[in-house]
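**Student:** Can you keep this structure in mind? I'll have questions shortly.
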Amino acid sequence: MSTVQTISGPIPSSELGRTLSHEHLTNGTAGMERVPGLLDRAEMIDRCLEALQVAHDAGIDSLIDLTPFDLGRQVWLFEAVADRSPLNIVCATGVYRWVPVIYNGWDEDEIAAHFVREIEEGIEGSQIRAGAIKLAWDIEYRLDEADGPNSPRVMLERTARAAARASKATGVPISCHTRAVDELGTPFLDLFEDEGLDLRAVTIGHSNDTQDLDYLRGLAARGATVGLDRFFSTEDDYVAERSAIALALAQAGYAEQVCLGHDGSPAGVWGGWAEARRSDCWTRVSLHEVPWLLANGASEDDVDAMLRRSIAATFEAAAAQ
2 MSTVQTISGP IPSSELGRTL SHEHLTNGTA GMERVPGLLD RAEMIDRCLE
52 ALQVAHDAGI DSLIDLTPFD LGRQVWLFEA VADRSPLNIV CATGVYRWVP
102 VIYNGWDEDE IAAHFVREIE EGIEGSQIRA GAIKLAWDIE YRLDEADGPN
152 SPRVMLERTA RAAARASKAT GVPISCHTRA VDELGTPFLD LFEDEGLDLR
202 AVTIGHSNDT QDLDYLRGLA ARGATVGLDR FFSTEDDYVA ERSAIALALA
252 QAGYAEQVCL GHDGSPAGVW GGWAEARRSD CWTRVSLHEV PWLLANGASE
302 DDVDAMLRRS IAATFEAAAA Q
């Protein structure tokens, strides 16, 4: 058992319970709180509290918010909900897809030191401390020719090495947004292995954006957790397609290395105020994927492994480094 830092304070990993592995209270871009008329703070707080309660009523105990500053992280929002949330909430340091140019002048250890400060001292001078590290490799990873030492791929790899060093220094896990169809989990794990990171402390997220089970089983075989954390629809075919990936990995013996989530936000800027910000955005796993799994051959223990034990294990592996 290890200690997990939540926005309300530390808890034992055993108290995480059923956990959604990849969510966002809000999303957007760094500095969006300074754009006049863009955010309604009171409404954002209300929307988040409502969605947290709805998720709790659906059987969820904890949620990992993977919104670093350049994706629109709002520390004031964490402060506003910390003492009122029915769920444990873990927030993140790290970087999103297009690495901000402020990192261009820092080497890996200087970037790692920044991540460590947000984990050990607090974010933006607040009492809110990060409990996870977020990274994101998408189509930008294909861009390796521009700008030499500061090409998009070079910067993505530099910040990932920094994240590995920060993880080892602080004992917190890393969770990765990936473009699954490009199999970006593989170079991520190669880099982390080169840095001496325990891959059990790593989640390769958005992996249910591909149905290539050879690739997904390969990630799990190397020790990583496979994040099946995109779930946007309740249409029958969609539920069956996405849930079948989780079932196949469980049947291959990897239920303990699968985690589930939505990549949803009740108070985000992306996607339109009404449709993208639904109070039920964190319920589809509980109310649709889990019933499908149980109806199609998964056991209650498989579900417990995917929703409870897999996430706790990433924190425990990170802490043991």
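Following this note's numbering, the numbering of the sequence shown begins with 2 at its first residue and continues without gaps.
Cβ coordinates follow ideal geometry from the N, Cα and C atoms, glycine included.
Values in this document were obtained by computation on a predicted structure and should not be read as measured data.
Should A83 and F116 be called a contact, given that it needs their Cβ atoms to be closer than 8 Å?
**Tutor:** Along the sequence shown, one-based indexing puts residue 83 at 82. Along the sequence shown, one-based indexing puts residue 116 at 115. Taking 8 Å as the Cβ cut-off, A83 and F116 do not qualify as a contacting pair.
**Student:** Roughly how many angstroms separate the alpha carbons of R231 and L308, rounded to a whole number?
**Tutor:** As a working note, residue 231 is residue 230 in the sequence shown. As a working note, residue 308 is residue 307 in the sequence shown. Roughly 14 Å between the two C-alpha positions.
**Student:** Between the Cα of D213 and those of F189, V91 and E242, spot the shortest distance and give me the residue it belongs to.
**Tutor:** Here residue 213 corresponds to residue number 212 of the sequence shown, with the count starting at 1. It is E242.
**Student:** Could you compute how far the alpha carbon of V155 sits from the alpha carbon of Y104?
**Tutor:** As a working mapping, residue 155 is identified with position 154 in the sequence shown. As a working mapping, residue 104 is identified with position 103 in the sequence shown. Near 11 Å, if we compare the C-alpha coordinates of Y104 and V155.
**Student:** Quick one: what does DSSP say E276 is sitting in, helix, strand or coil?
**Tutor:** Residue numbering aside, residue 276 sits at position 275 when the sequence shown is read from its first letter. Annotation note: pLDDT 48 at E276 (below 50); position unreliable, coordinate value reported separately. E276 falls in the coil class under three-state DSSP.
**Student:** When the Cα atoms are used, what is the spatial distance from W283 to G262?
**Tutor:** The sequence position of residue 283 within the sequence shown is 282, counting from 1. The sequence position of residue 262 within the sequence shown is 261, counting from 1. If you take the alpha carbons of W283 and G262, they lie about 8 Å apart.
**Student:** Starting from the C-beta of M2, find all residues in its chain whose C-beta is less than 6 Å away, skip the five residues before and the five after it, and write them out in chain order.
**Tutor:** Position 1 of the sequence shown, counted from the first residue, corresponds to residue 2. Excluding residues within five positions, the ones whose Cβ falls inside 6 Å are P13, S14 and S15.
**Student:** If we require 4 or more residues per run, which alpha helix (DSSP H) segments fall completely within the region 69 to 131?
**Tutor:** You should have 76 to 82 and 109 to 121.
**Student:** How far does the beta strand (DSSP E) with Y49 in it extend, from its first residue to its last?
**Tutor:** Counting from one through the sequence shown, the residue named residue 49 turns up at place 48. With the sequence shown as reference, residue 49 is identified as Cys, and Tyr is not the correct amino acid for it. Counting along the chain, C49 falls outside any beta strand (DSSP E), though it belongs to the alpha helix (DSSP H) covering R42 to D58.
**Student:** What three-state label does DSSP hand H263 in the structure shown?
**Tutor:** The residue given as residue 263 occupies position 262 in the sequence shown. Coil, per DSSP.
**Student:** Candidates T7, A161, I246 and R285: which alpha carbon is nearest L192's?
**Tutor:** Counted from its first residue, the sequence shown places residue 192 at position 191. Here the closest residue by C-alpha is A161.
**Student:** Quick one, are the C-beta atoms of I65 and V91 less than 8 Å apart?
**Tutor:** Position 64 of the sequence shown, counted from the first residue, corresponds to residue 65. Position 90 of the sequence shown, counted from the first residue, corresponds to residue 91. Yes; because the gap between Cβ atoms is below 8 Å, this pair is in contact.
**Student:** Among the candidates A306, G265, L136 and V182, whose CA atom is the shortest distance from the CA of A167?
**Tutor:** As a working mapping, residue 167 is identified with position 166 in the sequence shown. The shortest C-alpha separation from A167 is found at L136.
**Student:** If I312 sits next to T20, beta carbons under 8 Å apart, how far is it from one beta carbon to the other, in whole angstroms?
**Tutor:** By one-based count along the sequence shown, residue 312 stands at place 311. By one-based count along the sequence shown, residue 20 stands at place 19. That pair is a contact at about 4 Å.
**Student:** List the DSSP bridge partners of H178.
**Tutor:** Along the sequence shown, one-based indexing puts residue 178 at 177. Its beta-bridge partners are A137.
**Student:** Quick one: using the 10 Å Cβ neighbour count with 16 as the cut-off for buried, is I140 buried or exposed?
**Tutor:** Here the question's residue 140 lines up with position 139 in the sequence shown. Classification of I140: exposed, given that the 10 Å Cβ count is below 16.
**Student:** In terms of residues, what are the limits of the beta strand (DSSP E) holding P13?
**Tutor:** Taking the first residue of the sequence shown as position 1, residue 13 is located at position 12. Unbroken beta strand (DSSP E) run through P13: G10 to P13.
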